[in-house]
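Q: So the protein lines, in turn, are chains A and B.
Each residue of the first sequence is one higher than the one before, starting from 922 at the first, in the numbering used here.
Each residue of the second sequence is one higher than the one before, starting from 55 at the first, in the numbering used here.
The following block contains the structure, expressed as structure tokens.
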Amino acid sequence: MAKDKDIIDGCLSGSRRDQELLYRRYSPRLYAVCLQYSGNTEEARDVLQEGFIKIFENLSHFSHEGSFEGWMRRIIVNTALERYRNRYYLNRVDDIEGVSEPEAEPDTDDFAGLEAYDLLNMIMELPPKYRMVFNLYAIEGYSHKEIGEMMGISEGTSKSNLSRAREILQKKVMILTGVTRRMVNV
Amino acid sequence: MFEREPNIDIVFRNGLKNLEVLPPADVWDNIPPMPVRHSRLRVISAIAAGVAALVSLSLLATWYVRNSSTPVLLSEAAAPGSDARVISFEIPGASPVTRPEEARISNLVSSAAASESEGQPAITLITDEPSVIIASADLTAPRELNEAPVKVLPDDITVIAAGRFAGPDEVLMASLPELPAGKAEQRFIVGASLSPAMGFSQAGQNGRLAELINSEKSRPAYSTGVSVGYKISDRLTIHSGIGLSSIGQTINDINVYAGLADFYAVKSNYLYSVETASGLILAGNTDLYLTDSKDRVGTLIQANMADPSKYLLKQVGSDIQQVFRYLELPVMLRYKFLDRKVDLNLSGGFAYGFLVDNSAYTGEGSDVVRVGHTEGVNTFNLSSQVGFGMEYSITQKVTFNLEPVFRYYVTPLSEISGSLYKPYSLGFYSGFFFKF
């Protein structure tokens, strides 16, 4: 299998074949990211298409330091974020300070039977603002401050959105797996 | 990075980590071909090559214009398709003649006319076969020559090409003016040179810098480029040109392990940094775990978040190579203090350097792993250099140069902790030069 660097060099020299090779190699994983952020397949395909155009346009800036997939993922996430800002910027929620985390949680072992597709569907069903914050915080690892800057919201709003997203997801997970016993007992 | 790790977050992060979903088939069709872009280094190299080519072409054009100011060559004067041939002339006892032919031949013709009028033998043109002379601008038609030697009358000939005449030596010698030496006309010099070099550093009073320098070793450096010179006088020449130089250090005793990305997913631009005399290496390759025993390695990974030393990682290097490449524009003066077959020169001047490559890597050969780059390195530097050179003339136009050069960086390569880091180097420039 061709190395990423060879494919990148081929892309930079204008080889359409290498561009397609790169797309075929990474589009399934990046499309999953698009779905995670987009909520529906139509929007996800637009994000993927727009994201790949940006990837190709900026490929010469990739410094070969760090993961190439991580670099592409960041572009896809930023593209999704940009679309979100354009579409949902006006639908802000008020800052909610002092939101507490859920007091008890099931163990991860209780969710062992969950399929990735189930998890993806749960995230896609979240309201956009909750979905974005949950993805950025729990999956990508950004801080609330960074998320606030990226989404144009306050840290407090980010925290409250995350809290609400977790709450919704926990309920969905527990419904799906039937894990309610712990929550009741604690 | 994570303030708190509720289980629900971990479930989703791990569950979605390797999820793949095939995108709709028509997405690829709507992605246009990407434009061809060239890397910065390639663009700079192309510009440098272009500048060098332009300078060379300009000088060649100057040389051509100067040399083409002589009258039309015989071969050029011959009408296309005619059977005219260049006739060679030889003047015994005369030094090789290049120019100005007009003056010489005019004198020659005058002398010949005078000699003939005084009853002395005339200059004779010797030719071995029938030929056609198109030597005079005054001639309207070619003149057939017989096999016998032909007398050339002064009125018929003006100038045209250097040639072979037979005639009394005293007449020729008396009539030929003393010609200036050809060397004096060769004012331009073009050449290419290559120099291996070794760099050295000094820490001054800065203890930490001294400590860092002691844990580093200079990498073999080189400098190469094309040079254009102009001879101001017989002994003084000014040189400029364009070149590429590479310097760097080996940072010893840094253990580098690969595979961290499988255990620690991050979004940061770097995870580890290494303090060096030239600046801070930021390990942009977040798949690497770096460690050392001299307190040079720093990390963004907090101790309570992860401990990479416990992961099963593969060691890919035990030191880091730090490399800087500069595009250089030197301006040098060279003074020739001994003018023989082997000339001796003293030279001195400055070189302006523009940083075009700043990289750090580990491993060797095909196992090289890029680590990152060095922060805090100045993108521009000024270095002074002095040299003592030997120039051996292979031919009148081609010389071979060998010149030990000492270089000192006037501006610091980088600024760390208030210390100015200024290395120096000793190199041996060698190369071929062409004079014209």
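Virtual Cβ for every residue (Gly too), placed ideally from N, Cα, C.
Bear in mind that the values here come from a model prediction, so they are computed numbers and not experimental data.
Counting along the chain, where does the beta strand (DSSP E) carrying S413(B) start and finish?
A: Indexing the second sequence from 1 puts residue 413(B) at position 359. Where S413(B) is concerned, the enclosing beta strand (DSSP E) stretches over V396 to T416.
Q: Using the C-alpha atoms, what's the distance from P384(B) back to G295(B)?
A: Residue 295(B) sits at position 241 when you count from the first residue of the second sequence. Residue 384(B) sits at position 330 when you count from the first residue of the second sequence. When only Cα atoms are considered, G295(B) and P384(B) end up about 6 Å apart.
Q: As a quick exercise: from D288(B), L298(B), E265(B) and S413(B), pick the residue whose alpha carbon is nearest that of T278(B).
A: On the second sequence, residue 278(B) is found 224 positions in, with the first residue counted as 1. T278(B) has its Cα closest to that of L298(B), out of D288(B), L298(B), E265(B) and S413(B).
Q: Taking V452(B) as the reference, give the member of F434(B), P458(B), S438(B) and F488(B) with the closest Cα.
A: Position 398 of the second sequence, counted from the first residue, corresponds to residue 452(B). It is F488(B).
Q: Counting Cβ pairs, one atom from each stretch, are 3 or more of them under 8 Å apart for the region 973-990 of chain A and the region 1061-1076 of chain A?
A: no
Q: What does a CB cutoff of less than 7 Å around D341(B) pick up in its chain, not counting 5 residues either side in sequence?
A: Numbered from 1 along the second sequence, position 287 holds the residue referred to as residue 341(B). Here the set comprises A312, G313, L314 and A315.
Q: Rounded to whole angstroms, what's the CA-CA distance from L400(B) to S281(B)? Just pull it up for me.
A: Within the second sequence, numbered from 1, the residue matching residue 400(B) stands at position 346. Within the second sequence, numbered from 1, the residue matching residue 281(B) stands at position 227. So the alpha carbons of these two residues sit roughly 17 Å apart.
Q: In the structure shown, what three-state DSSP assignment does E445(B) receive?
A: On the second sequence, residue 445(B) is found 391 positions in, with the first residue counted as 1. In the structure shown, E445(B) sits in a strand (DSSP, three-state: E or B).
Q: Considering Cα atoms alone, identify which of F317(B), F391(B), K368(B) and K348(B) is closest to M359(B).
A: For this step, residue 359(B) is matched to residue 305 along the second sequence. With distances taken between Cα atoms, M359(B) lies closest to F317(B).
Q: Flag I1096(A) as yes if its beta-carbon sits less than 7 Å from any beta-carbon of chain B, otherwise no.
A: For the purposes of this step, residue 1096(A) is identified with residue 175 of the first sequence, where counting begins at 1. The beta carbon of I1096(A) sits no closer than 7 Å to any beta carbon of chain B.
Q: In terms of DSSP beta bridges, what is R938(A) paired with?
A: Reading the first sequence from its first residue, position 17 is the one you call residue 938(A). Answer by DSSP bridge pairing: none, since R938(A) is not bridged.
Q: Leaving out five residues before and five after L387(B) in sequence, what residues of the same chain have Cβ atoms less than 8 Å from its Cβ?
A: As a first step, residue 387(B) must be located in the second sequence, where it is residue number 333. Once the five neighbours on either side are set aside, the close Cβ partners of L387(B) are L290, T291, I292, H293, S401, G402 and G403.
Q: Check each residue of the region 968-993 of chain A: if its Cβ is closer than 8 Å to any Cβ of chain B, include it; give the result in chain order.
A: L969, Q970, F973, I974, F977, E978, L980, S981, S984, H985, E986, G987, S988 and G991
Q: Determine which residues of the region 953-964 of chain A have a Cβ less than 7 Å from any Cβ of chain B, and write them out in chain order.
A: A953, L956 and Q957
Q: Just the Cα atoms here: how many angstroms apart are R945(A) and K368(B)?
A: On the first sequence, position 24 is the one that residue 945(A) refers to. On the second sequence, position 314 is the one that residue 368(B) refers to. C-alpha separation (whole angstroms): 29 Å.
Q: Please confirm if P362(B) has its CB atom under 7 Å from at least one CB of chain A.
A: Counting from 1 along the second sequence, the entry for residue 362(B) is found at position 308. Judged by the 7 Å Cβ criterion, P362(B) is not in contact with chain A.
Q: When the Cα atoms are used, what is the spatial distance from E986(A) to I448(B)?
A: Residue mapping note: residue 986(A) aligns to position 65 of the first sequence, counting from 1. Residue mapping note: residue 448(B) aligns to position 394 of the second sequence, counting from 1. Using only the alpha carbons, I get a separation of about 49 Å.
Q: Tell me whether the beta-carbon of A1037(A) lies closer than 7 Å to the beta-carbon of L76(B).
A: Indexing the first sequence from 1 puts residue 1037(A) at position 116. Indexing the second sequence from 1 puts residue 76(B) at position 22. In this structure, the beta-carbon distance from A1037(A) to L76(B) does not fall below 7 Å.
Q: Identify every residue that forms a DSSP beta bridge with L1090(A).
A: Counted from its first residue, the first sequence places residue 1090(A) at position 169. Per DSSP, none; premise fails for L1090(A).
Q: Indicate the three-state DSSP secondary structure (helix, strand or coil) for H985(A) in the structure shown.
A: In the first sequence, counting from the first residue as 1, residue 985(A) sits at position 64. Note: H985(A) maps to coil in three-state DSSP.
Q: Just the Cα atoms here: how many angstroms apart are K395(B) and V244(B)?
A: Here the question's residue 395(B) lines up with position 341 in the second sequence. Here the question's residue 244(B) lines up with position 190 in the second sequence. Those two C-alpha atoms are separated by around 19 Å.
Q: Leaving out the 5 sequence neighbours to the left and right, which residues in its chain are closer than 6 Å to L942(A) when beta-carbon positions are compared?
A: Within the first sequence, residue 942(A) is the residue found at index 21, counting from 1. Closer than 6 Å at Cβ, skipping near neighbours: I928.
Q: Measuring only between beta-carbons, confirm whether A191(B) sits less than 7 Å from chain A.
A: Walking along the second sequence from the start, residue 191(B) turns up at place 137. Note that A191(B) scores 40 on pLDDT, short of 50, meaning its location in the model is unreliable and no value can be drawn from it.
Q: With a cut-off of 8 Å on the beta carbons, I'd call Y380(B) and N432(B) a contact; round off their distance for me.
A: Looking up residue 380(B) in the second sequence gives position 326. Looking up residue 432(B) in the second sequence gives position 378. Contact doesn't hold; Cβ gap of about 10 Å is too wide.
Q: Taking CB distances under 7 Å as the criterion, tell me whether V75(B) reaches chain A.
A: Against the second sequence, residue 75(B) aligns to sequence position 21. It does: the Cβ of V75(B) has a partner Cβ on chain A nearer than 7 Å.
Q: Is there at least one Cβ from chain A nearer than 7 Å to I424(B)'s Cβ?
A: Translated into positions along the second sequence, residue 424(B) becomes position 370. It should be noted that the sequence gives Arg, not Ile, for residue 424(B). Taking Cβ atoms only, chain A reaches closer than 7 Å to R424(B), which makes this a yes.
Q: Which whole-angstrom value is the C-beta distance of N309(B) and V425(B), which I expect to be below 8 Å?
A: Locating residue 309(B) in the second sequence gives position 255, counting from the first residue. Locating residue 425(B) in the second sequence gives position 371, counting from the first residue. 12 Å between Cβ atoms; not a contact.
Q: Can you give the Cα-Cα distance for Y478(B) and G485(B), rounded to whole angstroms?
A: Position 424 of the second sequence, counted from the first residue, corresponds to residue 478(B). Position 431 of the second sequence, counted from the first residue, corresponds to residue 485(B). Approximately 22 Å between the Cα atoms of the pair.
Q: Examine chain C for any beta-carbon lying closer than 7 Å to the beta-carbon of T278(B), and answer yes or no.
A: Absent here is chain C; the protein component of the structure consists of chains A and B.
Q: As a quick exercise: from S287(B), N455(B), A405(B) and N412(B), pick the residue whose alpha carbon is nearest that of Y389(B).
A: Indexing the second sequence from 1 puts residue 389(B) at position 335. Of the candidates S287(B), N455(B), A405(B) and N412(B), the one whose C-alpha sits nearest the C-alpha of Y389(B) is S287(B).
Q: Using the rule of at least 16 other Cβ atoms within 10 Å of the residue's Cβ for burial, across every protein chain shown, is G481(B) buried or exposed?
A: Indexing the second sequence from 1 puts residue 481(B) at position 427. By the neighbour-count rule (16 or more Cβ atoms within 10 Å), G481(B) is buried.
Q: Over what stretch of residues does the beta strand (DSSP E) that includes L334(B) continue unbroken?
A: Along the second sequence, one-based indexing puts residue 334(B) at 280. G333 to A337 is the span of the beta strand (DSSP E), which, as asked, contains L334(B).
Q: Determine whether the beta carbon atoms of I1108(A) and G960(A) lie at a separation below 7 Å.
A: The shown model of chain A, from 922 to 1107, leaves out residue 1108(A), and the question about it has no answer.
Q: May I have the straight-line CA-CA distance separating L366(B) from M444(B), to the nearest angstrom?
A: Along the second sequence, one-based indexing puts residue 366(B) at 312. Along the second sequence, one-based indexing puts residue 444(B) at 390. Computed Cα separation, rounded: 58 Å.
Q: If you compare alpha carbons, which of S1084(A), E1088(A), G1077(A) and N999(A) is closest to E1061(A)?
A: Position 140 of the first sequence holds residue 1061(A). Per the Cα distances, N999(A).
Q: Nearest chain A C-beta to P196(B) closer than 7 Å, yes or no?
A: Position 142 of the second sequence holds residue 196(B). Only weak support is given to the placement of P196(B): the predicted model assigns it a pLDDT of 46, under 50, and the value that follows is read from those uncertain coordinates. Judged by the 7 Å Cβ criterion, P196(B) is not in contact with chain A.
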